[in-house]
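Structure record follows, encoded as structure tokens.
Residue numbers (the working numbering), protein chains in the order written: chain L, 9 to 248; chain V, 354 to 548.
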């Protein structure tokens with residue numbers, strides 16, 4: 009079973025004449041270790057898909073399984089625990105807490121989950137060092153550049169052995185160099201075994217994914233075929 | 354692409370022979386643009402005819418024949434570097450034409466046509482991005498060639514996305530099509546050379 013499975017997801021907002029179908033019968037499976045990008049125009053339902061995958065919002069119908077557990081079968085508390093322990097979120101606007109330093113932002117979710125402050129701090133330090141932020145651990149978000157803030161946010165999303173990474177336009181506000189750095193970190197998390205879903209309208213970002221699915225008006229209309237071996241691609245290129 | 358000027362650039366570093374020029378050209382373009390040895394010699398002959406390079410007087414004809422750049426060649430190279438390529442008129446882009454045709458043809462869903470091309474371009478971008486994954490492989494020249502290709506493909510996808518959105522709004526009556534008599538801008542003065 010894939011780490012994230014979504015079956016027949018439909019999401020309807022509003023009632024009667026004011027009804028808006030945001031998602032219509034969407035299926036999505038993301039295996040551990042793989043990166044899936046979801047592309048679509050604004051209003052195509054891609055952010056809604058992500059919030060439902062992360063149990064931040066319930067589907068009108070359909071089933072979501074995270075790590076083999078059906079979200080519909082979980083109590084509110086169990087869902088909150090699943091979110092804290094297994095799911096990391098990355099947003100376009102970073103969502104860091106302004107009153108906390110970089111290391112506190114990363115360690116907070118671990119502490120909320122019962123890890124001792126000292127251990128959480130050490131784990132957070134290690135993650136930030138891995139992300140090239142050793143000199144920035146005590147800085148507050150407003151003292152960091154956009155690229156650094158997003159790296160802190162990704163560190164926060166992947167620490168503590170989380171298994172599912174959900175990112176909504178993670179480099180939306182960054183230049184292409186920082187955007188690429190963000191995707192490299194997300195890809196590295198996948199290589200360590202996380203399953204990741206990145207929602208984006210940016211093809212340069214999406215092209216880091218193993219698979220790209222395309223949403224239009226709340227439906228999956230297409231997806232890419234698996235890429236061929238880079239060596240074969242390069243050899244073909246040089247022969248053409 | 355101007356092989357002529359690429360060879361002049363390589364010769365501006367010092368005298369070289371034909372095979373060496375071919376190898377250096379390929380390695381410096383990330384081996385993405387292969388060059389056959391025949392092209393190299395034909396180009397060298399033309400450069401020599403135009404007085405931009407000279408061959409060693411006493412060398413035999415053949416792979417070991419050396420060439421060096423002349424003063425005229427160096428000034429041609431300097432002027433080429435600063436002459437913008439001709440982007441003043443749009444190329445007759447097949448992708449644009451396919452979408453324009455799809456809009457008019459009865460029984461064809463233009464959004465489906467757009468998606469076919471979008472998917473193909475994203476798949477190509479995935480291939481190019483794979484080449485970036487292994488940073489050890491990336492010398493600066495190769496990285497710049499890969500980036501150029503990714504930006505080029507990306508710009509096509511952005512155009513498809515924009516076209517898709519405009520067609521959808523137009524179909525919903527939100528956006529009226531431009532009137533037939535819409536005045537076209539006058540062509541701009543040509544500043545560059547089409548090579």
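Positions of the beta carbon are idealized from the N, C-alpha and C atoms, including for glycine.
This one's a predicted model, so the numbers in the text were calculated from it and none came from an experiment.
### Query
If you draw a straight line from the alpha carbon of residue 118 (chain L) to that of residue 130 (chain L), how long is it in whole angstroms?
11 Å
### Task
Might you give, ordered along the chain, the residues of its own chain that have their beta carbon closer than 8 Å to the beta carbon of residue 42 (chain L), omitting 5 neighbours on each side?
198, 203, 204, 218, 219
### Query
Quick one: does residue 212 (chain L) have its CB under 8 Å from some CB of chain V?
yes
#### Entry: Members of the stretch 497 to 516 of chain V near chain L, C-beta cut-off 7 Å
503, 507, 510, 514
### Query
Given that a residue counts as buried once 16 or more other Cβ atoms are within 10 Å of its Cβ, and exposed if not, what is residue 62 (chain L)?
buried
#### Entry: the stretch 416 to 424 of chain V / the stretch 398 to 405 of chain V touching (three or more Cβ pairs under 8 Å)
yes
### Message
Alpha carbons only, please: which of L:229, L:146, L:247, L:225 is nearest the one belonging to residue 50 (chain L)?
### Response
L:225
#### Entry: Within 8 Å, strictly: CB atoms of residue 170 (chain L) and residue 95 (chain L)
yes
### Task
At 4 residues or longer, and completely inside the stretch 136 to 200 of chain L: list those alpha helix (DSSP H) runs for me, N to C.
154 to 166, 184 to 199
### Element boundaries [beta strand (DSSP E), containing residue 13 (chain L)]
12 to 21
### Residue-chain proximity (residue 246 (chain L), chain V), Cβ-Cβ < 8 Å
yes
### Message
On the DSSP bridge list, what partners appear for residue 479 (chain V)?
### Response
DSSP output for residue 479 (chain V) lists no bridge partner at all.
### Rounded C-alpha distance that separates residue 112 (chain L) from residue 99 (chain L)
18 Å
### Message
Just to confirm, is the Cβ distance from residue 222 (chain L) to residue 230 (chain L) under 8 Å?
### Response
yes
### Task
Check each residue of the stretch 24 to 56 of chain L: if its Cβ is closer than 8 Å to any Cβ of chain V, include it; give the result in chain order.
47, 49
### Task
Could you tell me whether any Cβ in chain L is nearer than 8 Å to the Cβ of residue 463 (chain V)?
no
### Message
So with CB distances below 8 Å, who are the chain V contacts of residue 215 (chain L)?
### Response
475, 478, 479, 481, 482, 503
### Query
Could you give the distance in angstroms between the alpha-carbon of residue 520 (chain V) and the alpha-carbon of residue 137 (chain L)?
48 Å
### Message
Distance cutoff 8 Å, beta carbons only. Does residue 73 (chain L) sit that close to anything in chain V?
### Response
no
### Query
Thinking C-alpha only, which one of L:34, L:208, L:196 is nearest residue 181 (chain L)?
L:208
### Task
Using a Cβ-Cβ cut-off of 8 Å, state whether residue 548 (chain V) counts as contacting chain L.
At residue 548 (chain V) the pLDDT is 45, less than 50, meaning the model places this residue with poor confidence; the figure from the coordinates comes in the next sentence. So no, residue 548 (chain V) is outside the interface.
### Message
Buried or exposed, going by whether 16 or more other CB atoms sit within 10 Å of the CB of residue 143 (chain L)?
### Response
exposed
### Message
Using CA atoms only, rank isn't needed, just tell me which of V:510, V:493, V:410 is closest to residue 477 (chain V).
### Response
V:510
### Task
Below 8 Å CB to CB, which residues in the same chain sit around residue 507 (chain V) once its five sequence neighbours on both sides are set aside?
478
### Message
Looking at residue 38 (chain L): is its Cβ nearer than 8 Å to the Cβ of residue 29 (chain L)?
### Response
no
### Task
Flag this pair as touching only if the stretch 388 to 403 of chain V and the stretch 486 to 505 of chain V have three or more C-beta atom pairs under 8 Å; answer yes or no.
no
### Query
Going along chain L in order, which residues have a C-beta closer than 9 Å to the C-beta of residue 385 (chain V)?
242, 245, 246
### Task
Below 6 Å CB to CB, which residues in the same chain sit around residue 65 (chain L) once its five sequence neighbours on both sides are set aside?
59
### Message
On the DSSP bridge list, what partners appear for residue 231 (chain L)?
### Response
L:221
### Task
Check each candidate in L:107, L:120, L:159 and name the one with the smallest Cα separation from residue 91 (chain L).
L:120
### Task
Evaluate the contact criterion for the stretch 357 to 370 of chain V versus the stretch 233 to 247 of chain L: three or more CB pairs, one atom per stretch, below 8 Å.
no
#### Entry: Where residue 369 (chain V) falls: helix, strand or coil (DSSP)
strand
#### Entry: Beta-bridge pairing of residue 97 (chain L) - partner residues as DSSP gives them
L:174
### Task
Please state if the CB of residue 145 (chain L) and the CB of residue 179 (chain L) are separated by a distance shorter than 8 Å.
no
### Query
From residue 166 (chain L) to residue 216 (chain L), what distance separates their C-alpha atoms?
18 Å
### Message
Residues of the stretch 158 to 180 of chain L in Cβ contact with chain V at a cutoff of 7 Å, in chain order, please.
### Response
none
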